[in-house]
């Protein structure tokens, strides 16, 4: 690992993509050979990734183990409209966040979040092109994680992604799904109040959407009475949170005003 950490001169902007690619290639090689990555080495590499991320995010996001043309020859050669195979380094973050030691998981999540929220020129298109693959893993591994920390911070990040204006097309696709709504409604019934609270901020995007899909309308209409009863007492101890109270009342009103049966949305 000395080639990663032994440099004494200051890194230039030209160094950063190369260094990021070295990180990616090292992790890919260990993973492909079936060799376990030592926890301390993985933590160091993820820590270094955080340092180079600002200028080399594309190298990490578009690394694809099945295609050396993905980011192997640099940012200028990346085909951002080509779907990923799911075998590149970016896709390892799901397991690093969920199944690693606390130190590794914390660094992995920080980098993961930076990739998805700080790079407006990359993330929206990346998420759109790889929508099913990304959210399939995000929902099954992170949102439904057995780890409280992973679950809570992943639900919060999901809300941030959906409410980011640069991700408008991603948000509309996500909230069109009845299956995604079911996952979200289950979060509202979690035993832990902070999971419920973060889940609420995702749920409100479904309900506030003026162009709800037929699938989403069916679920909300079918469960209207239960939802109204549930929401009227939902997190009622948050008496000092005026914004939450206003949003909860708004959702109750929206659900009350749903039509008797689904109406195809007019976009």
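In the numbering used here, the protein residues as written are 1 to 267.
Note that CB positions come from ideal geometry on N, CA and C, so glycine has one too.
The shortest CA-to-CA distance from residue 88 to any of 248, 145, 62 and 205 is the one to 62. With contacts defined as CB atoms closer than 8 angstroms, residue 152 and residue 194 qualify as a contacting pair. Take the alpha-carbon of residue 114 and the one of residue 266: they are about 35 angstroms apart. Every unbroken stretch of the alpha helix (DSSP H) spanning 4 or more residues and falling wholly within the region 223-256 is given here in chain order: 224-232 and 242-256.
By the neighbour-count criterion, in which a residue is buried when 16 or more other Cβ atoms sit within 10 angstroms of its Cβ, residue 233 is exposed. Of 214, 110 and 81, the smallest CA-CA separation from residue 43 is found for 110. Cβ neighbours of residue 197 within its own chain (closer than 7 angstroms, five residues either side excluded): 235.
About 10 angstroms separates the beta carbons of residue 150 and residue 106, which is beyond the 8 angstroms limit, so they are not a contact pair.
With fewer than 16 other CB atoms across the displayed protein chains lying within 10 angstroms of its CB, residue 102 is exposed. In the displayed model, residue 136 falls within a helix according to three-state DSSP. For residue 159, the CB contacts under 7 angstroms within the same chain, skipping 5 residues up- and downstream, are 198, 201 and 202 in chain order. Setting aside the 5 residues that flank it on each side, residue 181 is surrounded in the same chain by 206, 216 and 219, each with a C-beta closer than 6 angstroms to its C-beta; the list follows chain order.
The beta carbons of residue 142 and residue 97 sit closer together than 8 angstroms.
Check the Cα spacing between residue 183 and each of 94, 100, 60 and 144: the tightest is with 144. Membership of residue 204 in the alpha helix (DSSP H) is indicated by the continuous run 193-208.
If you draw a 10 Å sphere on the C-beta of residue 185, you find 16 or more other C-beta atoms in it, and that means buried. The continuous alpha helix (DSSP H) containing residue 152 extends over residues 148-163. Per DSSP, residue 167 lies in no alpha helix (DSSP H) and is assigned neither H nor E. Of all alpha-carbon atoms in 204, 178 and 242, the one lying nearest the alpha-carbon of residue 213 is that of 178.
The C-alpha of residue 187 is placed about 18 angstroms away from the C-alpha of residue 245.
Taking all protein chains in view, the Cβ of residue 210 is surrounded by fewer than 16 other Cβ atoms within 10 Å, so the residue is classified as exposed. For residue 258, the three-state secondary structure derived from DSSP is coil. By the CB criterion at 8 angstroms, residue 146 and residue 83 fall outside the cutoff. Excluding sequence positions up to five before and after residue 119, its CB lies within less than 6 angstroms of the CB of 57, all in the same chain and listed in chain order. The alpha-carbon of residue 253 is positioned some 52 angstroms away from that of residue 25.
DSSP places residue 187 within a helical segment (H, G or I) once states are collapsed to three.
A buried status is given to residue 108, since no fewer than 16 other beta-carbon atoms sit within 10 Å of its beta-carbon.
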